[in-house]
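If you're matching them up, the sequences are chains A and B in order. Start counting the first sequence at 1; every next residue gets the next number (our numbering). Start counting the second sequence at 1001; every next residue gets the next number (our numbering). Heads up, the beta-carbon is just placed ideally off N, CA and C, and yes, glycines get one too. What you are looking at is a predicted structure, and each value in this text was computed from that prediction instead of being measured. Notes follow the structure.
There are 2 protein chains.
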Amino acid sequence: MPVAFKAEMLQPVGAFKIRGAWHRLTALDAGTREKGVVAFSSGNHAQGVAWAAKRLGIPAVIVMPADAPKVKLDATLALGAEVVKYDRKTESREKIAAHLAHARGATLVPSFDDAWIIEGQGSIGIEAMTQSVEMKLPDPVHVIVPCGGGGLAAGITLALPESEITVVEPEGWDDMRRSLEAGWIEPVGENPPPTACDALQTPLVSPLTFDVLSRRGVTGLAVTEFEIREAQRWAARTLKLVVEPGGAAALAALLARKIEARPGTLVVLSGGNVDPDAYAQVLNSKD
Amino acid sequence: MPVAFKAEMLQPVGAFKIRGAWHRLTALDAGTREKGVVAFSSGNHAQGVAWAAKRLGIPAVIVMPADAPKVKLDATLALGAEVVKYDRKTESREKIAAHLAHARGATLVPSFDDAWIIEGQGSIGIEAMTQSVEMKLPDPVHVIVPCGGGGLAAGITLALPESEITVVEPEGWDDMRRSLEAGWIEPVGENPPPTACDALQTPLVSPLTFDVLSRRGVTGLAVTEFEIREAQRWAARTLKLVVEPGGAAALAALLARKIEARPGTLVVLSGGNVDPDAYAQVLNSKD
Chain A
1 MPVAFKAEML
11 QPVGAFKIRG
21 AWHRLTALDA
31 GTREKGVVAF
41 SSGNHAQGVA
51 WAAKRLGIPA
61 VIVMPADAPK
71 VKLDATLALG
81 AEVVKYDRKT
91 ESREKIAAHL
101 AHARGATLVP
111 SFDDAWIIEG
121 QGSIGIEAMT
131 QSVEMKLPDP
141 VHVIVPCGGG
151 GLAAGITLAL
161 PESEITVVEP
171 EGWDDMRRSL
181 EAGWIEPVGE
191 NPPPTACDAL
201 QTPLVSPLTF
211 DVLSRRGVTG
221 LAVTEFEIRE
231 AQRWAARTLK
241 LVVEPGGAAA
251 LAALLARKIE
261 ARPGTLVVLS
271 GGNVDPDAYA
281 QVLNSKD
Chain B
1001 MPVAFKAEML
1011 QPVGAFKIRG
1021 AWHRLTALDA
1031 GTREKGVVAF
1041 SSGNHAQGVA
1051 WAAKRLGIPA
1061 VIVMPADAPK
1071 VKLDATLALG
1081 AEVVKYDRKT
1091 ESREKIAAHL
1101 AHARGATLVP
1111 SFDDAWIIEG
1121 QGSIGIEAMT
1131 QSVEMKLPDP
1141 VHVIVPCGGG
1151 GLAAGITLAL
1161 PESEITVVEP
1171 EGWDDMRRSL
1181 EAGWIEPVGE
1191 NPPPTACDAL
1201 QTPLVSPLTF
1211 DVLSRRGVTG
1221 LAVTEFEIRE
1231 AQRWAARTLK
1241 LVVEPGGAAA
1251 LAALLARKIE
1261 ARPGTLVVLS
1271 GGNVDPDAYA
1281 QVLNSKD
């Protein structure tokens, strides 16, 4: 069964996040732009905001966990952003970012809990539809999407009102799946298992993203860390693409046969910002 | 300095070779097609011919070195071709293929010494020109191309009559470079050094490819095995693309500053069919 892929690691910052960031920042007026933007992120959103800010001449401060992959920290700095590090276990990035934004009069750019961000990420859906027509492929009637906070999934859900959407999360971090089943927002449990998917470690989804997905009857799936590594290896071998763990979650669900491909199935590979050593280890092993 | 890349690992068989194979096979008449085709190849050409033959319903026999990367052997078999193995050190693939073609009345499909093959590979140049216009990039005025037998380079040279072309080979296998300097064809020396570039291990270029490059004043460069590995690592980290050693030769010359990028520089990444274990080792090391 042929399947289409959206290869978002080929974006300028190696992930889809420039879509929402660009859409949010271009909507700010001149006076607001001058005072700068603040974002908190495990990495890809940071780079997306830094990239958009640099292009628009907007000062950007990014609050990043001290243990974020070095490649993401370096890339954010290289894009000219100021980086403020915090301890993922003892500090609240929300508070640090809110404090910085208040002190500087800067605009906070959330990574998913924002209508502009969601709408920007949704450009994937519009693009996929256009490209399907151009390439004479079936319409994307079923989209499988990795899910952290749900911004990407919500954007695609809104952009493709007639498509079925399935969100995929790492086991133990499948709070969106549980929330959609329950009908209300459930957080990630205490002491969640370790996951290589740094981009999907969101402890709590937002009412905004949850509502979009919930009203459309979106369902979720969980994949194991092994299934994610297998998907990363398959992508390198077969697609010749470098996919980061979180970016490979939707593909993992398909390869593990937790979901069936059909004509018009579109798998979103959401990013490729791997830590080089960790990635080499994944390719180097069979488990 | 922005540089454009032609990412041929994203082709169906993971390399540019389907271009020439498709062009050659579609030009055969019905009676000729029925008797099948024979090709000899270290791997990517084999897959290209097998892929085109399968789509056109033509029986294909591929003569492959017994030590070709397993991923390439398997992929060729998976495409429905019959594979005949030979010993790279003691047997002549040319003789084996000629014998098979004669015995079956099949058509030999050379990997580079053929006008149709060269013309088909040249579609890269035409595509690059079209895409530059579409994407509002500078015209590809300077194309850097990995070189084995020279079919790809010759095709691009013919397709882009106003562009400068530079061919790149692994050190010790830089017979095209030496030939272009000398003004006549010089073979690879005896006991050439080991190279990871299985796709570029061509002991002798052909008058056809040499003449095209020579008449245009094309020049060549050699890169080291280390420079090639560095290019593979850079491509994974920065472009999120898996590039095989031979496919990374042109990029290696650029990164090693053996050639200067300028507006309109196009780097051909010619393939991505890596042996998974060897590739993991490259990513896992710094040398």
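(1) Give me the subset of the segment 1235-1261 of chain B whose CB atoms are less than 7 Å from a CB atom of chain A, sorted by chain position.
(2) Could you confirm whether any beta carbon from chain B is found closer than 7 Å to the beta carbon of Ala280 (chain A)?
(3) Let me know the alpha helix (DSSP H) ranges lying completely inside the segment 50-80 of chain A, each 4 residues or longer, listed in chain order.
(4) Output needed in chain order: residues of the segment 68-98 of chain A with a Cβ under 8 Å from some Cβ in chain B.
(5) Would you report the Cα separation of Asp29 (chain A) and Leu239 (chain A), rounded to the nearest angstrom?
(6) Please confirm if Gln1044 (chain B) has its CB atom under 7 Å from at least one CB of chain A.
(7) Within its chain, find whatever has a CB closer than 8 Å to the CB of Ala1106 (chain B); leave out the 5 residues flanking it on each side and keep chain order.
(8) Looking at C-alpha atoms only, which residue of B:Val1013, B:Ala1222, B:Ile1118 and B:Leu1241 is the closest neighbour of Thr1166 (chain B)?
(9) Using only alpha-carbon positions, find the residue among B:Val1133, B:Leu1241 and B:Ile1096 that is nearest to Gly271 (chain A).
(10) Would you identify the three-state DSSP class for Gly1217 (chain B), choosing helix, strand or coil?
(11) Evaluate Ala27 (chain A) with the Cβ neighbour count: other Cβ atoms within 10 Å of its Cβ, from every protein chain shown; 16 or more gives buried, anything less gives exposed.
(12) Which bits of chain B does Gly14 (chain A) rub up against, with CB to CB less than 7 Å?
(13) Just verifying my parser: in three-state terms, what is the DSSP assignment at Leu28 (chain A)?
(14) Apart from the five residues just before and just after Pro263 (chain A), which ones in its own chain have a Cβ nearer than 7 Å to its Cβ?
(15) Could you tell me the distance, in whole angstroms, from the CA atom of Lys1286 (chain B) to the CA atom of Val83 (chain A)?
(16) List, in chain order, every chain A residue whose beta-carbon is nearer than 9 Å to that of Ala1010 (chain B).
(17) Report the option in B:Ala1004, B:Leu1079, B:Ala1236 and B:Asp1211 whose CA atom is closest to the CA atom of Ile1018 (chain B).
(18) Residues of chain B with CB under 7 Å from Leu283 (chain A), in chain order?
(19) Assuming Glu225 (chain A) contacts Thr195 (chain A) under a Cβ cut-off of 8 Å, what Cβ separation, rounded to an integer in Å, is found between them?
(20) At what residue ranges does the segment 193-241 of chain A contain a whole run of the beta strand (DSSP E), taking only runs of 3 or more?
(21) Would you give the residue range spanned by the alpha helix (DSSP H) that Leu1266 (chain B) belongs to?
(22) Contact criterion: CB-CB distance below 7 Å. Does Gly264 (chain A) meet it with respect to chain B?
(23) Taking only the alpha-carbon atoms, compute the straight-line gap between Lys70 (chain A) and Glu186 (chain A) and give it to the nearest angstrom.
(24) I'd like to know whether the C-beta atoms of Phe1040 (chain B) and Ala1075 (chain B) end up nearer to each other than 7 Å.
(25) In or out: Thr209 (chain A) buried (at least 16 other Cβ within 10 Å) or exposed?
(26) How is Pro1146 (chain B) classed by DSSP in three states: helix, strand or coil?
(27) By DSSP's criteria, Glu1082 (chain B) is part of a beta bridge. Which residues make up the other side?
(28) On a Cα-Cα basis, can you pick out the residue from B:Val1267, B:Val1268 and B:Val1282 that is closest to Val1274 (chain B)?
(29) Does any residue of chain A have a CB that is nearer than 7 Å to the CB of Gly1272 (chain B)?
(30) Thinking C-beta only, is Glu162 (chain A) closer than 7 Å to His142 (chain A)?
(31) From what residue to what residue does the beta strand (DSSP E) around Glu1169 (chain B) run?
(32) So, with DSSP's three-state summary, where would you put Lys1006 (chain B)?
(33) Expressed to the nearest angstrom, what Euclidean distance is found between the alpha-carbon atoms of Glu134 (chain A) and Lys1089 (chain B)?
(34) Where does the unbroken alpha helix (DSSP H) through Ala106 (chain A) begin, and where does it stop?
(35) Excluding sequence positions up to five away, which residues of its chain have a Cβ less than 6 Å from the Cβ of Lys72 (chain A)?
Let me spell this out:
(1) For the segment 1235-1261 of chain B, the set of positions with a beta-carbon nearer than 7 Å to some beta-carbon of chain A reads Ala1236, Arg1237, Lys1240, Leu1241 and Val1242 in chain order.
(2) In the first sequence, counting from the first residue as 1, residue 280 (chain A) sits at position 280. Taking Cβ atoms only, chain B reaches closer than 7 Å to Ala280 (chain A), which makes this a yes.
(3) Entirely contained in the segment 50-80 of chain A, the alpha helix (DSSP H) runs reaching 4 residues are, in chain order, 70-78.
(4) Val71
(5) Residue 29 (chain A) sits at position 29 when you count from the first residue of the first sequence. Residue 239 (chain A) sits at position 239 when you count from the first residue of the first sequence. Each residue's alpha carbon lies about 41 Å from the other.
(6) By 1-based counting over the second sequence, the position of residue 1044 (chain B) is 44. Strictly speaking, residue 1044 (chain B) in this sequence is Asn, with Gln absent from that position. For Asn1044 (chain B), the answer is no, since every Cβ of chain A falls outside 7 Å of its Cβ.
(7) Sequence index remark: in the second sequence, residue 1106 (chain B) carries index 106 (1-based). Listed in chain order, the non-local C-beta contacts of Ala1106 (chain B) below 8 Å within the same chain comprise Lys1035, Gly1036, Val1037, Val1038, Pro1059, Val1061 and Leu1100, local neighbours out to five positions each way being set aside.
(8) Here residue 1166 (chain B) refers to the residue found at position 166 of the second sequence. Comparing Cα-Cα distances from Thr1166 (chain B) to each of B:Val1013, B:Ala1222, B:Ile1118 and B:Leu1241, the minimum goes to B:Ala1222.
(9) If you number the first sequence from 1, residue 271 (chain A) lands on position 271. Comparing Cα positions, the closest option is B:Leu1241.
(10) Along the second sequence, one-based indexing puts residue 1217 (chain B) at 217. In this structure, Gly1217 (chain B) counts as coil in the three-state DSSP scheme.
(11) Working through the first sequence from its first residue, we reach residue 27 (chain A) at position 27. Burial call: exposed.
(12) Here residue 14 (chain A) is taken as the residue at index 14 of the first sequence, counted from 1. Result: Lys1240.
(13) The residue labelled residue 28 (chain A) in the question sits at position 28 within the first sequence. Three-state result, Leu28 (chain A): coil.
(14) Translated into the one-based positions of the first sequence, residue 263 (chain A) becomes position 263. Within the same chain, Pro263 (chain A) has close Cβ partners Pro138.
(15) Along the second sequence, one-based indexing puts residue 1286 (chain B) at 286. Along the first sequence, one-based indexing puts residue 83 (chain A) at 83. Cα-Cα distance, rounded: 28 Å.
(16) Your numbering for residue 1010 (chain B) matches position 10 in the second sequence. The sequence given here places Leu at residue 1010 (chain B); Ala does not occur at that position. Those within 9 Å of Leu1010 (chain B) in chain A are Ala7, Leu239, Lys240 and Leu241.
(17) Counted from its first residue, the second sequence places residue 1018 (chain B) at position 18. Comparing Cα-Cα distances from Ile1018 (chain B) to each of B:Ala1004, B:Leu1079, B:Ala1236 and B:Asp1211, the minimum goes to B:Leu1079.
(18) Indexing the first sequence from 1 puts residue 283 (chain A) at position 283. What Leu283 (chain A) touches in chain B: Pro1276, Tyr1279, Ala1280 and Leu1283.
(19) Taking the first sequence and counting its residues from 1, the one referred to as residue 225 (chain A) is at position 225. Taking the first sequence and counting its residues from 1, the one referred to as residue 195 (chain A) is at position 195. Indeed they touch by this definition, with Cβ atoms about 6 Å apart.
(20) 219-223
(21) Residue 1266 (chain B) sits at position 266 when you count from the first residue of the second sequence. Here Leu1266 (chain B) belongs to no alpha helix (DSSP H); instead the beta strand (DSSP E) covers Thr1265 to Leu1269.
(22) The sequence position of residue 264 (chain A) within the first sequence is 264, counting from 1. Closer than 7 Å: no.
(23) As a first step, residue 70 (chain A) is located in the first sequence; it is residue number 70 there, counting from the start. As a first step, residue 186 (chain A) is located in the first sequence; it is residue number 186 there, counting from the start. Answer to the nearest angstrom: the Cα atoms are 31 Å apart.
(24) Indexing the second sequence from 1 puts residue 1040 (chain B) at position 40. Indexing the second sequence from 1 puts residue 1075 (chain B) at position 75. No, Cβ-Cβ distance for Phe1040 (chain B) and Ala1075 (chain B) is not below 7 Å.
(25) Working through the first sequence from its first residue, we reach residue 209 (chain A) at position 209. Burial call: buried.
(26) By 1-based counting over the second sequence, the position of residue 1146 (chain B) is 146. The answer is strand: DSSP assigns Pro1146 (chain B) an E or B state.
(27) For the purposes of this step, residue 1082 (chain B) is identified with residue 82 of the second sequence, where counting begins at 1. Bridge partners of Glu1082 (chain B): B:Val1061.
(28) Looking up residue 1274 (chain B) in the second sequence gives position 274. Ranking B:Val1267, B:Val1268 and B:Val1282 by Cα distance to Val1274 (chain B) puts B:Val1282 first.
(29) For this step, residue 1272 (chain B) is matched to residue 272 along the second sequence. Yes, contact with chain A.
(30) Within the first sequence, residue 142 (chain A) is the residue found at index 142, counting from 1. Within the first sequence, residue 162 (chain A) is the residue found at index 162, counting from 1. No. Outside cutoff.
(31) Counting from 1 along the second sequence, the entry for residue 1169 (chain B) is found at position 169. Unbroken beta strand (DSSP E) run through Glu1169 (chain B): Glu1164 to Pro1170.
(32) Along the second sequence, one-based indexing puts residue 1006 (chain B) at 6. It is a strand residue.
(33) The count along the first sequence starts at 1 and reaches residue 134 (chain A) at position 134. The count along the second sequence starts at 1 and reaches residue 1089 (chain B) at position 89. Whole-angstrom Cα-Cα distance: 48 Å.
(34) Here residue 106 (chain A) is taken as the residue at index 106 of the first sequence, counted from 1. Neither: Ala106 (chain A) is in no alpha helix (DSSP H) and is coded neither H nor E.
(35) Counting from 1 along the first sequence, the entry for residue 72 (chain A) is found at position 72. The residues are Gly43 and Asn273.
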